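Position 38 (the sequence shown) corresponds to 19 in my numbering; numbering is contiguous. I have placed the structure first, in the form of structure tokens, so that the comments after it can refer back to it.
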Amino acid sequence: MRHGFIIFLFMFMSLPLSAEVVMTDTWSTTPNRTWIGREWWANRLQDWCIEDGRLVCLESRPTRAVRTAHWITNSLAEGRTGLQLSVDIRTGEEGARAGADALAGFLIGSGGSHVDHRLTAQVHHQPAEDGGMLAVVDGNGVVSIRQFDVPGRIPGSWSISSKIDLEDMPLVPGQTRTGTGLAEGKPSRFRLVAERKNDSFTVKAIDTESGMELSRAELKDLPTRYRDGGIALVSHRGPKRNGRGFAFENLKSFGDGIRSSSDREFGPVLSSLYTIDDGVLKLTAQMPPLGVDDSRQADLEIKRDGVWKSIARGDWDQDSATFTFRVEGWDDNSAVPYRVAYQEKRLGESEPWLGRYQGIFRAAPEDEVVVAAFTGHKVYTGALKWNHDGLWMPHKETAAGVEARDPDLLFFSGDQIYEGDLTPVDRRSMQHSLHDYLYKWYRFCWSFGDLTRNRPAIAVPDDHDVYHGNIWGAGGRKAEKTEVMSAQDSGGYKMPARFVNAVHRTQTSNLPDPHDPTPIEQDISVYYTDLDWGGVSFAVLADRMFKSSPTVAVPEGEFRNGWPQAEGFDASISADVEGAVLLGPRQEQFLEEWAVDWDEDDWAKAVLSQTLFCNVATLPEGAKSGGVIPSLPVPEPGEYPENHSIVTDGDSNGWPQTPRDRAIDLMRLGGAVHICGDQHLGSTVRYGVDDFDDAGWAFCVPAVSNTWPRRWFPPEPGANHRAGDPLYTGQYLDGWGNRMTVAAVANPVKTGQSPSNLYDRMPGYGIIRFLRPSREVVFECWPRWTDPDAADDEQYSGWPVRFPINSGYGEPEYGVARIECDQAVSPLVRVRSSSDSSIESVRRLEPGGGVLELGEAGPWDVEASQDGRDWVILGTGLSGLEDSEDLPVLRYR
């Protein structure tokens, strides 16, 4: 009792005058769980927990150094000098003593007003520019003030995982240190107090038993760079090399030197994804992992006539930490505010916290449908800095540019996360892997949540989302390493089905119900489906899920990670083998049914998938794989690298060729455009199957950020190259022998933008406009650095690309008939072969009808409908004519 009074008295006497308690921790009223609260961001998610009223670090390995829990709602108030922080610290191993190499305490001054707080919340493990300073105590009770912003001490890479020692975090110069710390044999348990008065900064450790000061460090003149920025708790190592770190309780802050920002809370609902299709609304609310005692109940509420009303209760899934909602009979004619309500449990007499995450259910568009498309959300690419020159999240310029263009639909084509991005993959257990994925997925949610909460969104996972470098899903089989090939090359999924299904649930459970929900091998879920929005019908494909591995399907090619290694092997001739799968029979059947199935409101079709159905790629002569890509020099503006060859990468959907052709044929039935990503090379092409330009257009959008800047520098201009166009445009055979007409490419170039290792890799996003009045589609390719109000000419060179909607059926060579109808009618026209009644195409004509043009002479049977159900035969046995003046006139209604 007396010891407690001494501690209280000491604390009271050390408070600044007119001290004000800004915050005390809430851990004592928080149930045991992994998630540490709405005011905090943990690095990593799986490295911290709330346990018995304390914040506990679960990680002490030397290669998992400087674990941080960032207090995201609070930061140093620039220009104000009254500040005191205090916290009680003990080892996570009860009663243990840590050594001089173990540290616990505060990280102060990371980031600053020039750095987004979401980026600053990532600061951990390794010192780098804008990392702040450490006010810490070691396991012996000796305090120090250390630099965590020392640049370039440890090289960066894809992940930060180096062993970090005290010399990597040197003392801040000019400090005085006194005190010897704890007596021999006593456990590591103390109160740490950090205080700023005017220009001075002091940190001291107090024995929690006696109330006596153990040690202190003082700076008379706090460096300016530490006077604003973030505040975090730190645990570095611990009493064991592979056990727990430190535990924290009784956190308190005093003074006017702290700025509180409740709008920075993150949780309990972290983000939402929703779609609306055919009267069915589906929403996925992303949550943090919930503890055993946390509520499993969340409600979806909407606001009509000024009143909030609950319309659905969510279904909880623990592995993915999601609530999913389904509402039938939804009217999409008007926008409706919504919110997801969740009561966060608190212990004892404390009232629950009610969290409400709000957004807008958008009204369906009418005459123009605008899609924003993304791929490749990379956070870190080396050369670590804890600011916007070293980390790319939260992609504010990308989000702002997209918001300004106000799309009606968002499409994330894959690689929403990268498995080793910033932090290494954690495969210690299923729970560790799930939390490792969620930790990285939450960065995506934090970056793009303000976009997804207010408009429908489609996200499809790609290889990195399921912890692959490349993936050939092979129908869901388990990928296993053999004597002659890696697990990845063997085809299938490396991660367990439980993990894959959790990824699918986080990203795709908001999609309309799958066309055929039957799971694939290992009981892995499927998500291929279609969605109608604003009159545009979208087919959503999983173009990796069923795909064969070229290593397995084409052994003579000696493929490694998708690249043929056999000398003299010609992939354009020898790789098109029988039995190789791209979409697979199930998805091909779906695609065929979808292409010819038009509702009365449909006026355009688009396919959404992970990647392009051709291979727009070159490498320097002699290169055997894409492994050289990150090290290739970036050309100067106007420079055209020589001695590049067109190459074959099995990660592209240029292979296998025959299934590729079938997929394009099926898309051509409905005149669909193709929107995709993955290749990190913004490109627009027109597909060819039997001839150039006999199929539709495709847009591979640029990556939001990437480390793998592919390029297209063919040695010669393409056939039918237009004078004045870039040398890399025209008609080409890709490395697999597929026909493609290259219209525009955003090749890497020295942009003059900084940071160059972000901008010279040509990051950005795509905007696709479906224009009903003019019956056109426009592809826009925007650099991520452009101002939201930028003019069209600030797009990447070659864009915008504009073409008629009907060009998705290929270049017409013959007129078949002139179809006439009332001006108020826009008829659907279905063309069948007169010989076998197979469907050649279905399309929507403009109001009043128009000329029906096809790529082949026929003969054809022509039918018309308004709603896609009641078809009327207009003519049979019609042969195409080259002279449109002599076309027969067919009257509909």
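Quick reminder that beta carbons are idealized off the backbone N, C-alpha and C, glycines included. No experiment lies behind these values; they were computed from the predicted model shown.
Candidates the options: closest to residue i by CA position
{"i": "D768", "options": "Y420, Q546, A381", "result": "A381"}
{"i": "G733", "options": "V615, A771, T688", "result": "V615"}
{"i": "D803", "options": "G831, F182, S815, S818", "result": "G831"}
{"i": "P611", "options": "G619, P601, P618, E620", "result": "P601"}
{"i": "G430", "options": "E378, G340, A478", "result": "G340"}
{"i": "R245", "options": "H98, I501, D202", "result": "H98"}
{"i": "R177", "options": "R208, G608, M193", "result": "R208"}
{"i": "T665", "options": "Y338, F519, G779, P828", "result": "G779"}
{"i": "G608", "options": "T688, L662, P729", "result": "T688"}
{"i": "H496", "options": "S490, E866, V507", "result": "V507"}
{"i": "G219", "options": "E40, R127, G796, L855", "result": "E40"}
{"i": "L868", "options": "T404, G363, L147, G796", "result": "G796"}
{"i": "E349", "options": "G516, W297, G166", "result": "G516"}
{"i": "R225", "options": "V47, Q570, L262, R337", "result": "V47"}
{"i": "G716", "options": "V215, N596, E32", "result": "N596"}
{"i": "A651", "options": "A354, R872, L809, A58", "result": "Checking the sequence shown, residue 651 turns out to be Gly, not Ala. The shortest C-alpha separation from G651 is found at L809."}
{"i": "I554", "options": "L84, F480, S291, N719", "result": "N719"}
{"i": "T881", "options": "K459, R197, P531, T362", "result": "This structure does not reach residue 881, given that the chain is present from -18 up to 874, and the question cannot be answered."}
{"i": "E863", "options": "G839, E617, C30, S606", "result": "G839"}
{"i": "F129", "options": "G120, N121, T157, L84", "result": "L84"}
Assigned secondary structure, residue i (DSSP; H/G/I helix, E/B strand, else coil)
{"i": "G112", "result": "coil"}
{"i": "G856", "result": "strand"}
{"i": "I(-12)", "result": "Per-residue confidence for I(-12) stands at a pLDDT of 38, beneath the threshold of 50, marking its modelled position as unreliable; no derived number is given."}
{"i": "N738", "result": "helix"}
{"i": "L868", "result": "coil"}
{"i": "Q128", "result": "strand"}
{"i": "E880", "result": "For the chain, the structure presents residues -18 to 874; residue 880 sits outside this window and is missing."}
{"i": "Y873", "result": "coil"}
{"i": "L317", "result": "In the sequence on display, residue 317 carries Val and not Leu. Strand at V317."}
{"i": "E623", "result": "coil"}
{"i": "K201", "result": "coil"}
{"i": "T161", "result": "coil"}
{"i": "G861", "result": "coil"}
{"i": "E539", "result": "coil"}
{"i": "G607", "result": "helix"}
{"i": "D431", "result": "helix"}
{"i": "P(-3)", "result": "Below a pLDDT of 50, predicted positions are generally treated as unreliable, and P(-3), at 42, falls in that range; the measurement from the model is reported next regardless. If DSSP states are grouped into helix, strand and coil, P(-3) belongs with coil."}
{"i": "W678", "result": "strand"}
{"i": "A534", "result": "helix"}
{"i": "P493", "result": "coil"}
{"i": "E349", "result": "strand"}
Beta-ladder partner(s) of residue i, from DSSP
{"i": "W453", "result": "The partner list for W453 (beta bridge, DSSP) is empty, contrary to what the question assumes."}
{"i": "V832", "result": "R799"}
{"i": "V782", "result": "F760"}
{"i": "L214", "result": "A50, F87"}
{"i": "R811", "result": "V823, E844"}
{"i": "Q267", "result": "S252, T303"}
{"i": "W8", "result": "Per DSSP, none; premise fails for W8."}
{"i": "R458", "result": "DSSP, once it has assigned bridges, lists no residue as partnering R458."}
So does the stretch 414 to 430 actually touch the stretch 240 to 259, counting three or more Cβ pairs closer than 8 angstroms? yes
Report yes or no: do three or more beta-carbon pairs, one from the stretch 11 to 23 and one from the stretch 48 to 59, lie closer than 8 angstroms? yes
Can you confirm whether the stretch 532 to 539 touches the stretch 563 to 574 when touching is taken to mean that 3 or more C-beta pairs between the two stretches lie within less than 8 angstroms? no
Are at least three pairs of beta-carbons, each pair with one atom in the stretch 315 to 331 and one in the stretch 618 to 631, less than 8 angstroms apart? no
Would you check if the stretch 682 to 694 and the stretch 728 to 745 touch, i.e. whether three or more CB-CB distances between them fall below 8 angstroms? yes
Beta strand (DSSP E) segments (min. 3 residues) lying fully within the stretch 47 to 75: 48 to 57, 64 to 72
Are the stretch 754 to 765 and the stretch 394 to 402 touching by the rule of at least three beta carbon pairs closer than 8 angstroms? no
Entirely within the stretch 551 to 596 and at least 4 residues each: give me those alpha helix (DSSP H) ranges in chain order. 552 to 555, 565 to 577
Let me know the alpha helix (DSSP H) ranges lying completely inside the stretch 687 to 770, each 4 residues or longer, listed in chain order. 737 to 740
The stretch 784 to 801 in contact with the stretch 834 to 841 per 3-pair CB rule at 8 angstroms: yes
Under 8 angstroms, with one C-beta from each stretch per pair, do the stretch 849 to 856 and the stretch 578 to 595 reach the 3-pair mark? yes
Looking at C-beta atoms only, is the number of pairs between the stretch 101 to 115 and the stretch 366 to 377 that lie closer than 8 angstroms three or more? yes
contact_flag[the stretch 299 to 311, the stretch 253 to 272] where n(CB pairs < 8 angstroms) is 3 or more: yes
Validate contact between the stretch 349 to 360 and the stretch 381 to 394 using beta carbons, cut 8 angstroms, 3 pairs: yes
Is it true that the stretch 636 to 648 meets the stretch 694 to 701, where meeting means three or more beta-carbon pairs spaced less than 8 angstroms apart? no
Assess contact between the stretch 406 to 421 and the stretch 452 to 470, defined as three or more Cβ pairs (one per stretch) separated by less than 8 angstroms. Is contact present? no
Would you call the stretch 263 to 280 in contact with the stretch 297 to 307, where contact means no fewer than 3 C-beta pairs closer than 8 angstroms? yes
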